[in-house]
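Position 150, counted from 1, in the sequence shown is what the working numbering calls 150; the numbers after and before it change by one each time, with no gaps.
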Amino acid sequence: MIVAAVSDTQVAPDAMPGSPRFVPDEFEVPQSLMGDGFRLEPLGPQHNASDHQAWSSSIDHIRATPGFTAADWDGDTWPYAMPAQANLADLEMHAGEFERREAFAYTVLGTDGAVIGCVYIDPDTTGVADAMVRLSLIHMSEPTRRRGISYAVFC
């Protein structure tokens, strides 16, 4: 898990806390990122089945990851058990935030296309920085861990 406060990013002057404007209009939001053993793409409804299976099988692992306490998420206690339909609504919310440029959630996919985590880039509500970046990876036991997939890949 990586929790990073980004304090030197270029943010639109009117992107104050509570404002839906997070990045300048001219900023080209990345639509993908390829790495050794993974790729990122915007998180959306098309990931519902694999996303729901991935995080719901790793609730204890995610909760034990620094940066995923209710205090870190403005009181949100996710992850908690929810049906796939509720997860779909959550993914639609993330896709809408991405489209409106309010926040950016990416799914982390392994080389086989399986969801192995998510990256969340949100405005920092603490006033310490412009953005808060969080990474959650599902728990994979050592015998099944995919080569090249580790926390270090994202550092």
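Idealized CB from N, CA, C, for every residue including glycine.
- DSSP, reduced to helix, strand and coil, places GLY96 within a helical segment of the structure shown.
- Here ASP76 carries a coil assignment [DSSP, helix/strand/coil].
- In this structure, the alpha-carbon of ASP112 lies about 30 Å from that of THR77.
- About 5 Å separates the beta carbons of ASN48 and LEU88, which is inside the 8 Å limit, making them a contact pair.
- Around the beta carbon of VAL115, 16 or more other beta carbons lie within 10 angstroms, which makes this residue buried.
- Rounded to whole angstroms, THR65 and PHE22 show a C-alpha spacing of 26 Å.
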